[in-house]
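Comments concern the structure below.
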Amino acid sequence: MSVVNSTERLEEDFSNCLHCLKPFKYRKSKMYCSSNCRQYACRPKQNSQCSVTKRRKNLMLFDKAMRLAEILYSLPPQERLGFIKTLIDEARAGNISLREILSNHMLRHPDPNKDRWMFYRGSWAYCTIAQAAQNYCKRYWHQDVSDVVYCRCPEPPTGEV
15 MSVVNSTERL EEDFSNCLHC LKPFKYRKSK MYCSSNCRQY ACRPKQNSQC SVTKRRKNLM
75 LFDKAMRLAE ILYSLPPQER LGFIKTLIDE ARAGNISLRE ILSNHMLRHP DPNKDRWMFY
135 RGSWAYCTIA QAAQNYCKRY WHQDVSDVVY CRCPEPPTGE V
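As numbered in the numbering used here, residues 15 to 175 make up the sequence shown, in order.
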């Protein structure tokens with residue numbers, strides 16, 4: 015009978031960390047296995063599911079991207095490249111919010127099954143504004159849009175963009 019009690023006692027002496035789920039020696043006031051886990055678990059979440067501020071910032075960013083796409087597609091086709099060039103030049107000049115929009119990963123790589131709202135008029139026939147800028151940069155700069163708007167690459171040698 016003492017063997018059974020000792021195994022039960024061993025199981026009761028350990029608890030799982032609330033952050034990393036590793037077992038640690040049980041103590042009534044201890045919930046985490048280390049101070050690092052305690053600090054990581056208590057940090058405020060920085061994604062839009064947990065942070066109201068981040069959610070609002072993301073909504074404003076995507077709203078501005080939708081408005082820019084609406085402006086782009088309301089222009090005649092022969093003026094669209096000039097509009098994209100103006101956006102890229104402004105982003106290179108230091109417009110931070112425009113840099114964030116044009117280099118945003120979700121806007122450049124939307125999920126076709128659940129991110130249909132990102133496209134102009136909800137149609138896949140249109141690109142997002144970030145995809146249009148990516149296509150422009152690949153065609154004329156031969157670089158990724160993130161490298162172009164953050165000035166990590168020189169201008170094309172011919173000066174034609």
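Glycine included, C-beta positions come from ideal geometry on N, C-alpha and C.
Start-to-end residues for the beta strand (DSSP E) that takes in residue i
i: serine 29; result: 28–30
Under the three-state DSSP convention, the category residue i falls into
i: serine 160; result: helix
i: methionine 80; result: helix
i: histidine 201; result: Residue coverage of the chain in this structure runs from 15 to 175, which leaves residue 201 outside it and unanswerable.
i: proline 126; result: coil
i: methionine 45; result: coil
i: proline 91; result: helix
i: tyrosine 134; result: helix
i: serine 111; result: helix
i: arginine 69; result: helix
According to DSSP, residues forming a beta bridge with residue i
i: phenylalanine 38; result: Ser29
Environment of residue i [buried if 16+ CB atoms lie within 10 Å]
i: valine 163; result: buried
i: leucine 121; result: buried
i: serine 43; result: exposed
i: serine 111; result: exposed
i: cysteine 64; result: exposed
i: glutamine 145; result: buried
i: histidine 66; result: Reading off the sequence, residue 66 comes out as valine, not histidine. Under this definition valine 66 is an exposed residue.
i: alanine 10; result: Outside the displayed span of the chain (15 to 175) sits residue 10, for which this structure offers no information.
Residue range of the unbroken alpha helix (DSSP H) whose run includes residue i
i: glycine 96; result: 94–107
i: tyrosine 54; result: 49–56
i: lysine 152; result: 143–154
Are the segment 69–88 and the segment 109–118 touching, with three or more C-beta to C-beta distances below 8 Å? yes
Evaluate contact between the segment 96–105 and the segment 150–160, counting only Cβ atoms and requiring at least three cross-stretch pairs below 8 Å. yes
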